[in-house]
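The structure appears below as C-alpha cells.
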Amino acid sequence: MKTMGNELFAQYDMSIKKVQYNRSNYYLDTKQGSLMLRKTIVPKDQICFQYEVTQQLLHKGFTEIAKIYLTKKQNPYGLYQDRYYILQSYNKTIEIDFTSEKDLKAVIEVLAKFHKVAKNIESKTRDVENASIKNIYEYFQKRVVDGKHMRKKISNFSQKTKFEIMFLNDYKAYEALQYMALDLITPQIAAELINKVRLEKTLIHNDYTYHAVGQIEGSDCYMINNLDTCTYNIQLIDLANVLTKIMQKNNWNIALLDKLIASYNAIHTLSYNEINVLKAMLIFPEKYAGICYKYTNSKHRNNYSMFEHKWENMLVYKEAQCLAAKELAKEL
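In short: position in the sequence shown from 1, add 662, done, that's the working numbering.
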C-alpha cells in the first residue's frame, strides 16, 4: 500500500504533509490544500473528457465541482498497475437527507446551475456530432413493446411464479401511464431536443440522484461529487431522473414536485415544450419499464426474488404515482 501510494504521489507536483487511506482513496493534506486521490474504473478517454468539462465549468464560475489536478506529464490521471487515479480538490461532505425539503431543493438548484453553464462545451476527446443522444419518443415506444412481449411471454406459461402473477394483476395501470406519456410527446419534439444538444453542445451529469450531491460539512454549500459519467445529451434526462427518484421516496408528493420544478425553473428556465416533455418523462413508469426490459432480455426464468422485490417496492407508491400522473397531465 505504501509503495503504491508513493509511486502515485511521485507522479504529481505536490508537497504532502499528511496522508490518510480509506476505501481505495488517499486523503491528502498538502501545501495546495486538502486533496483526494481516488481510484476510478472510468476509462481514460472519459477521464480526459471529464477534465476538459471541469476546467470549462470552473472557468465559467461554477464552483460546485472539484478541481482536477494534472500530473507532471500533464495527464488528468495517475496510473499504477493499469489502474487510473484522479487527484482532485477535497471538501468533506455529508449525505443528502431525501426527506428534507431544504436538501432536496438544494440538489435541484445545484443541478439547475450546472445545466445553465454546461453548454457550449468544447472537447478534443469527444465529438458532439457522434454522441449517442437519447430519442425520448422512440425510447418510450421501445419500452411499451417490452411490456407487451413480457405479457405475452408470461401468459403462455402454464405455471407462473409469484412475480409473474403480480405482473399480470397490475401491468395495466403501468401500461396506461406509458401511453399517457407517449401522448404528451411527438417525434418532432424529440428530434428538436436532439438537435438542440448538437447545436448548443449541452452536457448532462448522466447519473444525477440525491447521492450525486453532498453538503459541505459545517456549511450551507452543496457540491456535485464528480462528473465521472458526464456526456453530451438532453439535460431533461438528469432532471427527470432525480425528480423521479425523489418522488419514489416521497410517495409522489405532487406539491413537493411542483416546488422542486419551480426551483429549477427559477435558475434555468425551461421552454414550453421542455416542460411538457419533462412531465411526460415523470409520468412514464421508468421502474416498470426497467423491470420489463430486464425480464424480456433474460435467457432464463431466474432471479425471481429480485424481480419480486422490485415489483413489491414499486407497488407501495402505485396509487400515489397514478394520481400524480393525472395531475401532471391535467396541468398541460
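All C-beta atoms in this analysis are idealised placements derived from N, C-alpha and C, irrespective of residue type, glycine included.
For residue i, which residues from the same chain have a beta carbon less than 8 Å from its beta carbon, with the 5 sequence-adjacent residues on both sides left out?
{"i": "TYR971", "result": "Note on residue identity: the sequence assigns His, not Tyr, to residue 971. Excluding sequence neighbours, HIS971 sits near nothing in its chain."}
{"i": "LYS921", "result": "GLU763 and LYS767"}
{"i": "GLU854", "result": "ASN935"}
What is the residue span of the alpha helix (DSSP H) that residue i lies within?
{"i": "GLN682", "result": "Taken as a continuous stretch (DSSP letters only), GLN682 belongs to no alpha helix (DSSP H), being part of the beta strand (DSSP E) at 678-684."}
{"i": "THR864", "result": "It is not in any alpha helix (DSSP H) - THR864 carries neither H nor E in the DSSP assignment."}
{"i": "GLU791", "result": "Note, GLU791: premise wrong, no alpha helix (DSSP H); not H, not E."}
{"i": "LEU944", "result": "934-945"}
{"i": "GLN750", "result": "No alpha helix (DSSP H) holds GLN750; the beta strand (DSSP E) holding it covers 745-751."}
{"i": "THR755", "result": "Unbroken run through THR755 is the beta strand (DSSP E), 755-757; no alpha helix (DSSP H)."}
{"i": "GLY809", "result": "798-817"}
{"i": "GLY952", "result": "948-958"}
{"i": "GLN765", "result": "The amino acid at residue 765 is misidentified as Gln; the sequence shows Asp. ASP765 -> alpha helix (DSSP H) spans 763-779."}
{"i": "CYS710", "result": "706-721"}
{"i": "GLU970", "result": "966-977"}
{"i": "ASN895", "result": "Note, ASN895: premise wrong, no alpha helix (DSSP H); not H, not E."}
{"i": "GLU837", "result": "824-844"}
{"i": "ALA982", "result": "980-993"}
Let's test the definition: count the other Cβ atoms within 10 Å of the Cβ of residue i and tell me whether it reaches 16, buried, or not, exposed.
{"i": "PRO947", "result": "buried"}
{"i": "THR725", "result": "exposed"}
{"i": "HIS962", "result": "exposed"}
{"i": "ALA951", "result": "buried"}
{"i": "ARG685", "result": "exposed"}
{"i": "PRO738", "result": "buried"}
{"i": "ALA852", "result": "buried"}
{"i": "GLN983", "result": "buried"}
{"i": "GLU771", "result": "buried"}
{"i": "ALA924", "result": "exposed"}
{"i": "HIS721", "result": "exposed"}
{"i": "ILE985", "result": "Just to set this straight, residue 985 is Leu in the shown sequence, not Ile. Counting Cβ neighbours within 10 Å, LEU985 comes out exposed, since fewer than 16 surround it."}
{"i": "ASP882", "result": "exposed"}
{"i": "GLY695", "result": "exposed"}
{"i": "VAL790", "result": "buried"}
{"i": "TYR799", "result": "buried"}
Start and end of the beta strand (DSSP E) containing residue i?
{"i": "ASN687", "result": "687-692"}
{"i": "LYS701", "result": "695-702"}
{"i": "ILE923", "result": "From DSSP, ILE923 is part of no beta strand (DSSP E) but of the alpha helix (DSSP H) over 916-929."}
{"i": "LEU741", "result": "740-742"}
{"i": "ILE878", "result": "875-878"}
{"i": "ILE886", "result": "884-886"}
On the premise that residue j lies in contact with residue i, defined as a C-beta separation below 8 Å, what is that separation, rounded to the nearest angstrom?
{"i": "THR716", "j": "TYR674", "result": "That pair is no contact at about 17 Å."}
{"i": "TYR689", "j": "MET812", "result": "Wrong, their Cβ atoms sit about 47 Å apart, outside the cutoff."}
{"i": "TYR926", "j": "LEU773", "result": "7 Å"}
{"i": "ASP808", "j": "TYR955", "result": "5 Å"}
{"i": "GLN840", "j": "PHE802", "result": "7 Å"}
Please work out which residues of its chain come closer than 7 Å, Cβ to Cβ, to residue i, disregarding the five sequence neighbours upstream and downstream, and give them in chain order.
{"i": "MET976", "result": "LYS949 and TYR950"}
{"i": "GLN682", "result": "TYR689"}
{"i": "LYS824", "result": "GLU970"}
{"i": "LYS775", "result": "PHE724, GLU726 and ILE929"}
{"i": "ILE756", "result": "GLY876, GLN877 and GLU879"}
{"i": "PHE671", "result": "ILE678"}
{"i": "LYS822", "result": "ILE816"}
Whose C-beta lies closer than 6 Å to the C-beta of residue i among residues of the same chain, with five residues either side of it excluded?
{"i": "HIS777", "result": "GLN897 and HIS930"}
{"i": "ASN935", "result": "ILE851"}
Can residue i be considered in contact with the ligand FAD, in the sense that its beta carbon sits closer than 7 Å to one or more heavy atoms?
{"i": "GLU981", "result": "Because no ligand of any kind appears in the structure shown, any question about the ligand FAD cannot be addressed here."}
Practice task
Answer yes if the stretch 935-942 comes into contact with the stretch 836-846, meaning at least three C-beta pairs across the two stretches below 8 Å, and no otherwise.
Solution key: These segments touch.
Exercise for the section: Assess, as a yes-or-no matter, whether the stretch 883-893 is touched by the stretch 705-721 under the definition of 3 or more beta carbon pairs within less than 8 Å. Expected result: yes
Handout entry: Three CB pairs or more closer than 8 Å across the stretch 863-876 and the stretch 899-908
Key = Short answer: they touch.
Practice task
Taking 8 Å as the threshold, find out whether the stretch 827-837 comes into contact with the stretch 852-861 through three or more Cβ pairs.
Solution key: no
Handout entry: Stretch pair the stretch 739-748 + the stretch 692-710: three plus CB contacts closer than 8 Å
Key = yes
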